[in-house]
Amino acid sequence: MLTGEPVGERHPNAGTPPHLVVFTGSGISVESGIKTFRASDGLWEEHPVEQVATPEGFRADPERVLAFYNQRRAQIRRAQPNAAHKALATLEQDGFNVSIITQNIDDLHERAGSRHVLHLHGEILKARSSVDASLRYPVAGDMTLGDLCDKGSQLRPDVVWFGESVPLFEQACELASQADFFLVVGTSLAVMPAASLLSYIGVDAPCALIDPDADALTPPGVLAINTTAGEGVPALVERWRRQRSLALD
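Mapping of the sequence shown onto numbering that gives the first Met the number 0: residues 0 to 248, in sequence order.
What follows is the structure in C-alpha cells.
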C-alpha cells in the first residue's frame, strides 16, 4: 500500500511543481537486457572486474579493456528503453520537474526522452583522454589502440572505474538536497559513495525504493515497493499523473 501526504501540498510555493529526484541503478536497465556485473552470466562472468574496470587493468592491458567496452557498447546500442524509462520521461513531458541521477553508463533514459540526466559513473558512448579528463569525445563505433585525444594520449572509455573518484558526486548531492520526493529504482544502495545520497535528502522529503528485494534493501524511513522497475515505476507515475502531485496514497 502506498501511503503519504501529497508533496505539492506541503510546499509554500504552489505555482512551482514539486521536484522529483530519481536515483536509478542497474535494476532499471536489466529489463532492457543489459546484464549487471554481479550477474552470473554475460560479459562480466568472463572478465574479472580488476582486469577490465580499474585504472590498473587499463594500464596493464588497454587492448583487452577497449575490446570489453566495445562489446558492452554494442550490447547497449541494441537495447531499447523499457516501460520504466519511458514512464519517467512521460512524467517530465507532462510538466513535472524531474531530475534523474543514474549509476548506469547506458543512454536509455535519454533515448526514452528524459532531458535532465546526471550520469554518476560516466557514459559508455563517450571517450575521454587518459591524461586529461576534461577532453571528452563521442564514440561512434569501436575504440581501438591508437585512438588519441588532442593532447596525443590514448583515449579510454568515459566511465568511472573502481578505485576512481566520482567527479559528479557533489552535483548529485545538491540535487538530492533539492528533492521534494526522492525515488530510488533498481539499486541495492550498496555502492559508495552513491549510497550516501540518502543522507542529503531533506527531512520532510518522502523517499521510496522500487526493487524486487526492496524489503531487504530499504533503510529505515524509506518506503519499500517490492516489484520490478518495469511494473512499479509506470504504476507510480500513472498515479502521480492522475493526482498531479507527488503523493503516495
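Beta carbons are placed, not taken as given, at the ideal position from N, Cα and C, and that holds for glycine.
Nearest-angstrom Cα separation, counted from residue j out to residue i
i, j, result
"A228", "G151", "43 Å"
"E62", "V221", "43 Å"
"L216", "S187", "6 Å"
"Q170", "L119", "9 Å"
"I33", "Q79", "10 Å"
"G7", "T15", "With a pLDDT of 37 at G7, under the threshold of 50, the predicted position of this residue should be treated as unreliable, though the coordinate-derived value follows. C-alpha separation (whole angstroms): 9 Å."
"D93", "V232", "15 Å"
"D105", "Y199", "25 Å"
"Y136", "Q242", "42 Å"
"S31", "A88", "16 Å"
"M142", "A59", "17 Å"
"E45", "T35", "13 Å"
"H108", "I123", "13 Å"
"P218", "V64", "36 Å"
"R76", "R114", "19 Å"
"T2", "L90", "The pLDDT assigned to T2 is 35, lower than 50, so where the model puts this residue is not dependable; a value taken from the coordinates is nonetheless given after this. Taking the straight line from one Cα to the other gives about 20 Å."
"R265", "T226", "Because the chain is modelled from 0 through 248, residue 265 falls outside the range shown and cannot be assessed."
"V48", "V202", "37 Å"
"P192", "V165", "8 Å"
"D149", "V138", "15 Å"
"E163", "A66", "21 Å"
"L235", "I27", "15 Å"
"S25", "R240", "25 Å"
"S128", "Q153", "6 Å"
"S133", "F161", "19 Å"
Residues bridged to residue i [DSSP beta-bridge criterion]
i, result
"I224", "I209"
"Q153", "L147"
"V64", "V64 pairs with nothing; no bridge assigned."
"V51", "The partner list for V51 (beta bridge, DSSP) is empty, contrary to what the question assumes."
"H18", "N96"
"T256", "Summary: the structure shown does not reach residue 256, with the chain confined to residues 0 through 248, and so no result is reported for it."
"T23", "T101 and V184"
"V158", "G121"
Option in the options with minimal Cα separation from residue i
i, options, result
"H84", "E230, Q242 and D157", "E230"
"D116", "R127, L124, V130 and S98", "The sequence shown places Val at residue 116, rather than the Asp named in the question. Of R127, L124, V130 and S98, the residue nearest in Cα terms is S98."
"A223", "I123, A207 and P233", "A207"
"A204", "V130, A175 and P192", "A175"
"T101", "F168, Q177 and E163", "F168"
"R155", "M191, G121, A234 and R238", "G121"
"R72", "L90, A59, E44 and A126", "A126"
"P17", "Y68, A234, P47 and F95", "F95"
"R110", "S129, A86, G140 and S133", "A86"
"G112", "V130, S133, N81 and D131", "N81"
"E173", "E163, D157, S195 and F161", "S195"
"V29", "G162, G185 and L144", "G185"
"G140", "Q153, Q70 and F161", "Q70"
"Y68", "C148, D157 and D131", "D157"
"L144", "A234, F57 and N103", "F57"
"L147", "V130, V159 and F161", "V130"
"V159", "N103, Q177 and L134", "N103"
Residue i Cβ short of 6 Å to the ligand NAD heavy atom set
i, result
"Y136", "Annotation note on the ligand NAD: not contained in the displayed structure, which lists no ligands."
Determine contact between the stretch 168-185 and the stretch 14-24, defined as no fewer than three beta-carbon pairs at a distance below 8 Å. Contact holds: three or more Cβ-Cβ distances are below 8 Å.
Give the list of continuous alpha helix (DSSP H) stretches no shorter than 4 residues that lie fully inside the stretch 111-142. Segments of the alpha helix (DSSP H) lying fully in the stretch 111-142: there are none.
Decide if the stretch 45-55 is in contact with the stretch 204-216; the criterion is three or more beta carbon pairs, one per stretch, under 8 Å apart. They do not touch, by the three-pair rule.
Which runs of the beta strand (DSSP E), 3 residues or longer, sit entirely within the stretch 160-188? Entirely contained in the stretch 160-188, the beta strand (DSSP E) runs reaching 3 residues are, in chain order, 180-184.
Identify every run of the beta strand (DSSP E) within the stretch 82-113, keeping only runs that are complete inside it and at least 3 residues long; order them along the chain. Listed in chain order, they are 96-101.
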